[in-house]
Every structure is written in C-alpha cells, then in structure tokens.
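One structure is given below, encoded as structure tokens.
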Amino acid sequence: MSGMAEHSSKGGDFMGKYIPDEVIDRVREHYDIVDVVGQTVQLKKSGRNFFGLCPFHSEKTPSFSVSPEKQIYYCFGCGAGGNVIKFVMETEQLSFVEAVVYLAEEAGIPIPTAEHPANSAEEDRRRQLLKVLDMAAKLYHHLLLQHEHGEEARRYLLQRGLTMETIREFQLGYAPDSYQFLLPFMRRRGFDETLLVEAGLAAEKETAAGRNRVYDRFRGRVMFPIHDTQGNVVGFGGRILGDGRPKYLNSPETSLFHKGRHLFNLHRARKSMRKEQQALLFEGYMDVIAAWQAGIRSGIASLGTSLTEEQARVIRRNAETAVICYDSDAAGQTAAERGLDVLKDQGCIVKVAQMPAGLDPDDYIRKYGADAFRGDVIAQALPYTAFKLEALKKGINLQDEPQRMKYLTKALDVIADLPLAIERDHYLRRLSEEFHVSLDALKQEQRVIASKKKREGKGDKGAREWNNGYDGGKHMVASGRKLSAHEEAEKRLLIMMMHDKQIAERVRESVGAEFNVEENAAVAAYLYAYYAEGHPANPGRFIHYVRDDRLVERISGWIMQDIPENILEEEVADYIRHIRTYPLYKEIEAKEEEVKQAERAGDIAKAARLGIELIQLREKVRKKA
C-alpha cells in the first residue's frame with residue numbers, strides 16, 4: 015500500500031501527481047496538533063490532554079479531546095478522530111492531498127512530485143467538474159466586462175455602486191439570455207453535456223417526442239461565482255435582469271456544491287474572521303460585496319436557504335462572535351430569529367444588527383458610508399437576549415395588562431436560560447425599569463421558572479457548565495454496549511500492536527487475519543502492511559497510513575487510552591488465546607445446546623455422538639490455550 019495520493023488543489027500544479035511519503039511525514043511532524051486545532055476550537059487543558067466543544071457535532075459539554083503526546087484528536091461524543099491532516103481535511107473540506115499541500119505551503123515545505131501512473135475515475139471526474147466550472151466563470155466574467163452581451167448587466171452593477179475593481183475581485187459575470195450559449199461553447203472545447211449537467215451548468219427536460227433536451231441553466235442573469243474554502247468555483251448564484259422569476263437562482267446540489275455546507279465569500283473572509291474573531295452574516299451576495307468594497311472584510315452569506323447547523327459550525331470554527339445583519343423587512347427579521355438559535359447552539363456569541371426600516375446593508379453602506387455602518391449598525395448590534403426580548407413584543411399590545419403579563423412570562427422564560435447570574439440580573443433590572451414591576455417579584459418568578467425547567471430537563475445546563483468553569487472530569491463519553499471479552503481482547507491487542515512492532519509480528523504469526531470482529535481484522539491487515547513497508551511503531555503516523563475513515567475514528571478512540579509502559583508477556587499471550595479460542599467456545603455452546611435437545615427428544619445415540627464431538631472441541635481449546 016502506498017502512502018502517496020493525488021492532488022487537485024488550486025494552490026499548485028499537483029494534478030495527477032504523487033506526494034512522497036517522506037514529505038507527508040515532514041508535514042505531519044512539523045505541526046503540533048494542539049496549535050492547529052486551537053485555531054478553530056477553544057481548548058482547555060485537563061490532565062495530559064486538552065478538551066473543547068466538538069466542531070463536528072452540536073454539544074454543550076466538552077467531549078472533544080486532543081492529545082499533544084500522541085498528536086491525535088478524538089470526540090467521545092460523536093466518534094470523530096484522526097491526526098492533524100485529517101482535522102484539516104474535515105474542517106476545511108479538503109481531500110487528503112489538498113490538506114497536505116495546504117499544510118505544506120503554510121509551513122514552507124517544498125513538495126517534489128512524481129507522475130501518477132493511473133488517476134482514479136472519481137478524482138479525474140472531480141478535476142473535470144472543477145475545470146468546466148472555472149471555465150464557465152471566466153466566460154461569464156469576460157462577457158460582462160468585454161462584450162456587448164454584458165452591457166446591461168455591467169450598467170446594473172455600476173448603478174448599484176460597485177467599482178470595476180470589485181467586479182474583477184469577485185469575478186462577477188453575465189449569462190446571456192439564451193438556451194444554447196454555454197453548451198456549444200463547452201462542446202467545442204471537448205466537454206460533453208453530461209458533465210455540464212453534473213456541474214449544474216445545464217439542465218435536462220424531456221420533450222414531447224420523449225427525448226431529453228439539454229439547455230443552459232442560467233440565462234439573462236448576473237452571475238456570482240461561489241467558491242469552496244480553497245477558492246475553487248463550485249457553483250453559481252444568478253440574479254435575473256428585469257422582472258423575471260425567480261429573482262435569484264442558485265446552482266443545484268452537485269457532488270461539489272452543497273447549499274447547506276458552503277458560505278458565499280468564506281474563502282476571502284476567513285482570514286479577517288479569524289483575526290477579528292467576528293463574522294458578519296449577511297442575507298445576500300450584494301450585501302457581502304458592498305461591505306467588502308467598503309473595507310469590511312469579514313462578511314459572508316448563506317446560499318438562499320436558512321442557516322444550517324453545518325454552516326453555523328463552520329462559522330464557529332473561524333470566529334467566536336457572529337453578527338447577523340439581515341434586511342429590516344419581516345422576512346429578514348424572521349430569518350435572523352432562526353439563525354440566532356442555530357448559531358448559539360454551536361457555541362457562538364450572537365448579535366443582531368438593527369437596520370433602519372426600508373434599508374438593506376447594501377443600501378445603507380451606499381447611503382451613509384462604511385464608517386457609519388461600522389459605528390451605527392455593527393457596533394450597536396443587539397446581543398442575543400436583547401434581540402429575543404424585543405422579538406417577543408411582536409403582535410403583543412403592551413398597553414393591555416393580560417398581554418403585558420403574557421410578555422413578561424415569556425421574557426422571564428428566556429432570561430431563565432442565561433448561563434451567568436450577572437446576565438440574568440442585568441435583564442431582570444431592565445424589565446423592572448421598563449414595566450415598573452418589582453425586581454424582587456421578577457427574580458422570584460424567574461427562579462420558579464428555572465426550577466421547573468431543571469425538573470423537566472430543559473434549559474441550558476451544558477452551556478452554564480462550560481461558561482462558569484471547566485470541569486476536566488466530566489467529559490461526555492459516547493454511550494454504547496459493553497464490549498464482550500473477546501472484543502475487548504482484540505481491541506487491547508491491536509492497541510499494543512500499534513505501539514510495539516514485535517508484538518504485531520507475533521500476532522501476525524499466531525493469529526493472522528483470524529480476528530473475530532471484521533473491523534478489527536481490517537485494522538490488523540493495515541498494521542501488517544504498515545510494518546512490512548518498514549515504518550516504525552508510531553500510532554500517529556499509522557493513522558495517516560489508514561485510508562478508511564471509519565477505521566481512523568475507531569483507531570483514534572483506542573489510541574486515546576493509556577497503556578502500561580511495560581507490557582507483560584502473559585497479558586499478550588492471554589489476549590491471543592482469547593481471540594484464537596473464541597470461535598471454538600461458540601461451537602461448544604452450540605454443541606451443548608444440540609446435546610440437550612437430543613436428550614430431551616430421547617435420542618440417546620445422537621446425544622452420545624454429539625457428546626464425543628463436544629469432547630473433541632474441548633480438547634482443541636486446551637491445545638490452543
């Protein structure tokens with residue numbers, strides 16, 4: 015098995031080439047995984063390891079562990095695990111080789127390459143899709159800037175206040191109002207229709223004659239390229255010129271483009287987001303672009319759908335605070351309310367910018383300028399609780415006493431979930447002053463609500479534990495059945511094999527592939543091949559050798575367990591005996607049941623014959639033991 019792989023990154027010409035094993039090792043050894051993970055996860059030391067909130071699933075109690083000694087991470091909640099390369103793959107949405115190149119470039123490690131003899135069909139298809147999307151983006155951009163076809167679109171963008179520099183930065187384009195413009199252009203360059211349909215650039219429709227007609231998906235639209243984290247074009251958003259519907263049309267879901275995963279402008283904004291520890295979440299592409307042109311570089315947008323948990327996790331990995339800056343209309347405020355909870359559930363500090371009625375961020379920036387937007391809108395954004403309390407007032411007549419009491423009850427329910435006593439006190443005092451209600455009465459009612467929530471198992475207990483102090487002994491561990499004796503033996507033996515090449519060789523000779531759990535047999539096969547290629551006993555290096563994600567996660571969890579410094583010979587022999595004799599014990603159990611059935615049926619001859627077979631099986635166990 016080779017430790018080399020292909021690369022299709024935009025960052026260097028590694029298309030169809032190998033990255034040598036020694037370079038991958040240099041990259042892995044250059045980084046301290048605590049430093050890399052710490053850029054996206056808030057880590058706190060507990061014992062020998064570091065813990066934080068898992069970036070791969072929603073949780074309130076830290077269960078994500080990073081081992082500086084073993085250079086791996088593992089989540090006891092969802093089972094995600096691996097080394098520094100796997101972490102970058104998952105958080106940056108990169109392939110293995112893209113992650114290696116990304117890390118190598120950051121570390122200044124040169125990557126000598128050798129030609130790849132045979133590209134995988136899947137990787138080749140991915141490269142073709144990226145190529146056709148990049149070519150389409152360049153064509154649309156050329157039409158906008160240089161061709162009469164793009165004159166109306168160009169005039170529209172300039173009227174919206176964009177400069178030519180900004181138009182070029184975002185590679186904005188124009189798709190002519192024709193069903194057959196992009197298709198023949200791509201055919202002449204050797205791309206077939208199926209590739210364009212797969213890339214989301216073309217669509218199919220069955221004609222009356224029963225044949226499929228393929229046509230350009232985007233027609234008569236200003237085109238906004240959408241990029242992945244590495245700056246590759248993976249899809250488009252298109253705005254209609256005129257009054258057609260829909261106003262905005264996004265690429266469909268493809269193997270490269272996922273609306274619920276990608277964020278518009280993330281690849282540009284990420285550096286500023288990490289530096290400022292703040293992300294500005296806009297509703298539309300033009301808002302992001304206008305903010306960028308005004309020097310506000312941490313703006314991103316979701317892609318025409320409600321904010322998803324996956325998008326919120328990406329935001330949290332890059333910034334601690336998220337400021338939602340949606341339109342002031344009812345739809346924008348409703349979307350802001352939905353986004354609030356999604357972001358908060360992922361551990362973000364959330365604020366909501368208040369836009370003047372009738373203005374969206376793009377309008378505001380053009381009318382009042384960037385400084386006013388920063389100082390009067392972003393800086394004055396309402397914290398999560400303040401916005402929630404204001405949102406509760408919608409549809410309620412606060413002059414009517416019963417409705418006012420209804421509002422206060424709902425407000426206290428929100429305040430009861432706050433993690434810090436000082437926060438609860440702050441908002442209770444605000445309610446007391448605003449509605450001229452006794453502060454003591456509000457506090458008493460809030461305690462009643464909090465007590466009820468606690469009894470019912472509601473509230474935000476996990477968040478309170480995390481914010482009020484870290485208890486290193488309370489890591490959430492994934493629940494599951496207890497391992498049987500033979501499963502435990504296989505696991506412990508494999509852990510020892512990862513730490514000791516001689517033990518692995520002994521197991522290869524005595525057990526071979528005869529592990530009773532299929533996944534364990536696969537891990538053993540990887541270990542035998544790993545050592546056969548001359549690699550040293552190093553669990554962190556072994557993880558990078560394994561190409562099965564399910565096995566990597568299994569191995570990561572195992573490596574997190576400590577093993578004795580001195581492994582006893584008797585312990586190894588005992589585990590090997592468990593593994594070798596387990597199938598025989600299963601046979602013995604089945605045979606004993608057959609003997610009982612024969613005796614109950616009165617078939618003495620059969621029972622005697624089975625009894626002899628049972629004795630032979632027990633003798634086999636004795637010899638193997």
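My numbering applies: residue 15 is where the sequence shown begins, and numbers increase by one.
Just so it is clear, CB atoms sit at the ideal spot from N, CA and C, and this is done for glycine as well.
Bear in mind that the values here come from a model prediction, so they are computed numbers and not experimental data.
Asked: Endpoints, the alpha helix (DSSP H) within which Phe101 is located; Found: Val98 to Glu106
Asked: Complete runs of the alpha helix (DSSP H) confined to the stretch 250-297 [at least 4 residues]; Found: 280-290
Asked: Straight-line gap, Ala430 to Lys402 (C-alpha atoms, nearest Å); Found: 13 Å
Asked: Cβ neighbours of Ala371 in the same chain (closer than 6 Å, five flanking residues each side left out); Found: Ser342
Asked: Rounded distance between the beta-carbons of Asn279 and Gly313, thought under 8 Å; Found: 6 Å
Asked: Thr319 versus Glu267, Gln307, Gly309 and Gly66, residue with shortest Cα-Cα distance; Found: Glu267
Asked: Inter-residue Cα distance where the pair is Leu215 and Leu196; Found: 8 Å
Asked: Under the three-state DSSP convention, the category Gly234 falls into; Found: coil
Asked: Cβ-Cβ separation, Val566 to Gly96 (assumed contact under 8 Å), whole Å; Found: 5 Å
Asked: Alpha-carbon spacing of Lys466 relative to Ser570, whole angstroms; Found: 40 Å
Asked: Rounded Cβ spacing between Leu57 and Val50 (contact assumed at less than 8 Å); Found: No, Leu57 and Val50 are not in contact; Cβ-Cβ is about 11 Å, not under 8 Å.
Asked: Nearest candidate by alpha-carbon position, reference Arg380, set Trp306, Leu422 and Leu396; Found: Trp306
Asked: Per DSSP, the bridge partner or partners of Pro239; Found: Phe250
Asked: Beta-carbon proximity of Tyr170 to Gln194, cut-off 8 Å; Found: no
Asked: Assigned secondary structure, Pro433 (DSSP; H/G/I helix, E/B strand, else coil); Found: coil
Asked: For Arg388, three-class secondary structure by DSSP; Found: helix
Asked: Beta-carbon proximity check, Arg235 vs Leu210, cutoff 8 Å; Found: no
Asked: Separation of Ile86 from Glu80, as counted between CA atoms; Found: The displayed chain sequence assigns Val, not Glu, to residue 80. Rounded to the nearest angstrom, the two C-alpha atoms are 6 Å apart.
Asked: First through last residue of the beta strand (DSSP E) which encompasses Ser60; Found: Lys58 to Ser60
Asked: Run of the beta strand (DSSP E) containing Lys12, from where it starts to where it stops; Found: This structure cannot settle anything about residue 12, because the visible part of the chain is limited to 15 through 639.
Asked: Proximity below 8 Å, CB of Val337 to CB of Ala367; Found: yes
Asked: N-terminal and C-terminal residue of the beta strand (DSSP E) that Gly313 is part of; Found: Gly313 to Ala315
Asked: Val80 - partner residues in DSSP beta bridges; Found: Phe64 and Tyr87
Asked: Candidates Pro375, Glu404, Glu290 and Thr399: closest to Arg391 by CA position; Found: Correcting the residue identity first, residue 391 is Val in this sequence and not Arg. The option with the nearest alpha carbon to Val391 is Pro375.
Asked: Proximity of Tyr589 and Leu507 at Cβ, strictly below 8 Å; Found: yes
Asked: Residue from Asp191, Val37 and Glu73 with nearest C-alpha to Tyr116; Found: Val37
Asked: When Leu317, Val302 and Asn332 are compared against Arg288, the one with the closest alpha-carbon; Found: Asn332
Asked: Close-in-space but distant-in-sequence residues of the same chain around Leu157 (CB under 6 Å, 5 per side omitted); Found: His163, Gly164 and Tyr188
Asked: Cβ-Cβ distance between Phe296 and Ala308 below 8 Å; Found: no
Asked: Alpha-carbon spacing of Leu432 relative to Phe78, whole angstroms; Found: 24 Å
Asked: Pick from Gly361, Met149, Arg139 and Lys219 that is closest to Lys74, judged by C-alpha positions; Found: Gly361
Asked: For Ala213 and Val146, believed in contact at Cβ under 8 Å, the rounded distance; Found: 5 Å
Asked: Extent of the continuous alpha helix (DSSP H) to which Gly554 belongs; Found: Pro553 to Tyr559
Asked: Straight-line Cα distance separating Lys261 from Tyr382; Found: 26 Å
Asked: Neighbour-count burial assignment, Lys505, 16 or more Cβ in a 10 Å radius; Found: buried
Asked: Complete runs of the alpha helix (DSSP H) confined to the stretch 119-205 [at least 4 residues]; Found: 135-160, 165-173, 178-183 and 196-202
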